[in-house]
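Just so we're aligned: the sequence shown equals residues 0 to 245 in numbering that gives the first Met the number 0.
From the three backbone atoms N, C-alpha and C, an ideal C-beta is built for every residue, glycine too.
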Amino acid sequence: MKLWLLMLPLFVALNVCAQDKKVEGIVYNKDINDRIAKVNIRNLNNGQATYNNLKGEFSIDAAIGDRLVFSKEGYFNDTVKITDIKSLAINLKTTGIQLQEVRINDKLINPEKWMANTKKDYTRLYGPSSNPDLLTVSPYGGAGIGIDALYNALSRSGRNAEKLKEVIERDYRQNVIDYRFNRTYVSNITGLKDEQLTDFMQKYRPGYYLVTTASDYEFIKYVRTSFKRYMRNPSNFTITPLEPAK
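Okay, here's the thing in structure tokens:
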């Protein structure tokens with residue numbers, strides 16, 4: 000009886016260690032030391048699976064000795080064995096060239112921020128015309144919508160509000176394409192420079208649907224395939240310049 004009582008704390012301790020607890024951590028891109036979202040985390044021992052959030056953070060049930068597999072398209076898988084219950088920092092290595100941020104004048108051009116600020120500006124534009132603060136330009140740049148010009152040309156008294164919205168949406172979509180299909184990104188994949196790079200990007204500019212739905216791997220494949228076609232005949236799709244009438 001006394002032996003059983005002496006062994007009881009040991010059994011309790013072993014049972015506690017074997018129970019699943021919440022293991023938390025953050026997933027990073029090993030190449031650029033930035034957080035990665037939408038990474039699949041699977042516990043091979045208990046079968047639980049989840050995704051990390053947009054901040055790269057995750058939480059999953061696991062016990063000491065369990066193995067967690069981290070996977071995401073465009074990255075090599077990583078398997079981690081839990082040795083103690085503490086926060087984890089997971090670093091995934093890319094399998095190819097990834098989308099890089101492009102900065103112009105030290106400001107990151109983000110289409111979502113541009114659109115949000117543009118909408119805010121246009122909401123104010125439809126207010127009292129006597130307010131001199133209404134006619135302002137969004138600080139985020141983009142494809143070059145001039146709010147004053149569009150307001151005067153299209154939105155006088157709100158008669159052409161729908162037309163104005165179409166222009167904004169079209170401009171936004173072009174910003175989205177430019178943000179992903181940018182010169183630095185394309186040059187890193189193709190090696191093209193200067194005028195040849197400009198020529199290639201004009202001829203093989205992707206559509207909005209491809210830009211917003213393709214994974215990193217799919218988009219890189221599109222650029223590489225287009226580059227091979229371009230190099231076979233760079234003059235394809237070239238428009239012959241008009242000659243002046245004699």
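Q) Assuming residue 73 contacts residue 93 under a Cβ cut-off of 8 Å, what Cβ separation, rounded to an integer in Å, is found between them? A) 6 Å
**Q.** From 71, 66, 43 and 166, residue whose alpha carbon lies closest to that of residue 55
**A.** 71
Q: Measure the alpha-carbon distance for residue 129 versus residue 113 and round it to whole angstroms.
A: Here residue 129 scores only 34 on pLDDT, less than 50, and its place in the model is too uncertain to base an answer on.
Q) Does the separation of the CB atoms of residue 42 and residue 77 fall below 7 Å? A) no
Q: Inspect the beta-carbon positions of residue 180 and residue 205 and report whether they are closer than 7 Å.
A: yes
Q | Local Cβ density within 10 Å of residue 246, reported as buried at 16 or more and exposed below that | A | The requested residue 246 is not part of the displayed model; the chain covers only 0 to 245.
Q: Could you spell out the range, first to last residue, of the alpha helix (DSSP H) harbouring residue 219?
A: 215-231
Q | Local conformation of residue 20 per DSSP, three classes | A | strand
Q. Curious, which full-length beta strand (DSSP E) runs of at least 3 residues does the stretch 33-102 contain?
A. 39-42, 48-50, 56-61, 66-70, 77-80 and 87-91
Q: Give me the Cα-Cα distance between residue 87 and residue 35, rounded to the nearest whole angstrom.
A: 14 Å
Q | C-alpha gap between residue 46 and residue 61, whole angstroms | A | 10 Å
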